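A.B. asks:
There are 2 protein chains.
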Amino acid sequence: MFPNVLEVARKLIRERVQQGETVIDATMGNGNDTLFLAQLVQETGKVIAFDIQPQAIAKTKDRLEREGLADRVELKLASHEEIESLNVQAAAIMFNLGYLPGGDKEITTQASSTIRAIESGLRVLRPGGIMTVMIYWGHAAGEVEKEAVEAFCHELSQLEFLVLKYQYINQQNQAPFLLAIERRAQ
Amino acid sequence: MFPNVLEVARKLIRERVQQGETVIDATMGNGNDTLFLAQLVQETGKVIAFDIQPQAIAKTKDRLEREGLADRVELKLASHEEIESLNVQAAAIMFNLGYLPGGDKEITTQASSTIRAIESGLRVLRPGGIMTVMIYWGHAAGEVEKEAVEAFCHELSQLEFLVLKYQYINQQNQAPFLLAIERRAQ
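So the protein sequences, as listed, match chains A and B. Note that the UniProt record's numbering has the first sequence beginning at 1, numbered continuously upward. Note that the UniProt record's numbering has the second sequence beginning at 1, numbered continuously upward.
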């Protein structure tokens, strides 16, 4: 069977990230991707993870400590727009657009700040690095955000980036899909 | 780097087709996919390949003979709609929609017959089997055909099929993209 879209995103990241590299989880949520990335970069690597909700930070911190992975992770209670201020070269950046599963569905990512965060992320992405954007658009602001992100990606220079859209198109209920942006190696 | 869409299609097929199975090349063209499939199913397998242009048959026949693969291939000078009349269980079916590279660009696949051929193909696809549809839509009838095929795929039952759309979205010149339809295993 075709893999689900989250598995596809992780596979693309696994194929590109080396042990010891710096990676970013732009939308920590319940910390699933943070844990995945922390395992991937190993002890010598670094994960920088963002969320604006204290409950996301608390839950992720707890999970990382239980797994013995907290040493390599920096948790930031801040908007993912703050990627702008990072002075790093990231091998991978993960976004999950939508709301925190199990949290307040009224608190969602929003088109304008998401676009700014993606722009900032692309500036710190190393050559050959990858940004994955999982788009959960089954919420009030979801359709607007989806359109905005797709429109932004359509315009990215094909000399610098290659943007993959990976979607199962005969699904009901506005199934999530994946955008994966690879910065071309120089 | 992300693989090109043709490589993606072939990988999906390679992962699903067993030696000795029957597969279909719905749009023979210059025979590239016919040769690929003939190697894949090996001596005990069978490839049935369609084209309405005699030059496609002649060229593919010649290439197969030179490669020693002609024994397992049946070349049909007929529309891919004739898939309807086949009494087989196919493990894979490949479509390239557009015109014959290097041939007459006025002779292209057309929406209505393409949809009928895809429908027929899905009827003979075995559980767990896959149909790949490469859509080259940079020709006069291309946009109409693309829209029709996508609309058809959107409506396929998700209980029976899973339809993947795999597309690089920041490309110029109406770059080809892939639809891959997997019949769920029973």
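Heads up, the beta-carbon is just placed ideally off N, CA and C, and yes, glycines get one too. Quick caveat: nothing in here was measured; it's all calculated off a predicted structure.
Rounded C-beta distance between A:Gly-98 and A:Gly-142? I'm assuming under 8 Å.
C.D. replies: Contact between A:Gly-98 and A:Gly-142 holds: CB atoms are separated by about 7 Å, below the 8 Å threshold.
A.B. asks: Using the three-state DSSP reduction, which class does B:Asp-33 fall into: helix, strand or coil?
C.D. replies: helix
A.B. asks: Distance, Cα to Cα, A:Lys-61 vs A:Glu-74?
C.D. replies: 9 Å
A.B. asks: Output needed for A:Thr-132: all residues of its chain with C-beta closer than 6 Å, excluding positions within five of it in sequence on either side, in chain order.
C.D. replies: Contacts found: Ala-9, Met-94 and Ala-180.
A.B. asks: My output table needs one value for B:Ala-56: the three-state DSSP class, helix, strand or coil.
C.D. replies: helix
A.B. asks: Which residues in the same chain have their Cβ closer than 6 Å to the Cβ of A:Ile-52, if we skip the five residues on either side of it in sequence?
C.D. replies: Ser-79
A.B. asks: Identify the continuous beta strand (DSSP E) that holds A:Gly-121 and give its terminal residues.
C.D. replies: Here A:Gly-121 belongs to no beta strand (DSSP E); instead the alpha helix (DSSP H) covers 111 to 124.
A.B. asks: Determine which residues share a DSSP beta bridge with B:Val-73 and list them.
C.D. replies: Under the DSSP definition of a beta bridge, B:Val-73 partners with B:Val-47.
A.B. asks: Whose Cβ in chain B lies nearer than 9 Å to the Cβ of A:Leu-162?
C.D. replies: Met-1, Phe-2, Tyr-168, Asn-170 and Gln-171
A.B. asks: Within 10 angstroms of its Cβ, does A:Ile-135 collect 16 or more other Cβ (buried), or is it exposed?
C.D. replies: A:Ile-135 is buried by the Cβ-count criterion.
A.B. asks: Helix, strand or coil for A:Lys-61? Go by DSSP, reduced to three states.
C.D. replies: helix
A.B. asks: Could you check whether the Cβ of A:Leu-156 sits closer than 8 Å to any Cβ belonging to chain B?
C.D. replies: yes
A.B. asks: If contacts are defined as beta-carbon pairs under 8 Å, then A:Gln-167 and B:Lys-165 qualify, I think. What distance do you get, rounded to the angstrom?
C.D. replies: Yes, they are in contact, since the Cβ atoms of A:Gln-167 and B:Lys-165 sit about 5 Å apart, within 8 Å.
A.B. asks: Does any CB atom of chain A fall closer than 8 Å to the CB of B:Lys-105?
C.D. replies: no
A.B. asks: List, in chain order, every chain B residue whose beta-carbon is nearer than 9 Å to that of A:Lys-165.
C.D. replies: For A:Lys-165, the chain B residues whose C-beta falls within less than 9 Å of its own C-beta are Lys-165, Tyr-166, Gln-167, Tyr-168, Ile-169 and Phe-177, listed in chain order.
A.B. asks: Could you pull the DSSP bridge partners for A:Ile-135 from this structure?
C.D. replies: A:Leu-97 and A:Phe-177
A.B. asks: By a C-beta neighbour count over all protein chains shown, 10 Å radius and 16 as the cutoff for buried, is A:Glu-106 buried or exposed?
C.D. replies: A residue is called buried once 16 or more other Cβ atoms fall within 10 Å of its Cβ, and A:Glu-106, having fewer, is exposed.
A.B. asks: Can you tell me whether A:Ser-85 is buried or exposed? The criterion is at least 16 other CB atoms within 10 Å of its CB, across all chains shown.
C.D. replies: Flag for A:Ser-85 reads exposed.
A.B. asks: Measuring CB to CB, does B:Val-77 end up less than 8 Å from B:Ile-48?
C.D. replies: Note on identity: in this sequence residue 77 of chain B is Leu, with Val being the wrong assignment. No, the Cβ-Cβ distance between B:Leu-77 and B:Ile-48 is not below 8 Å.
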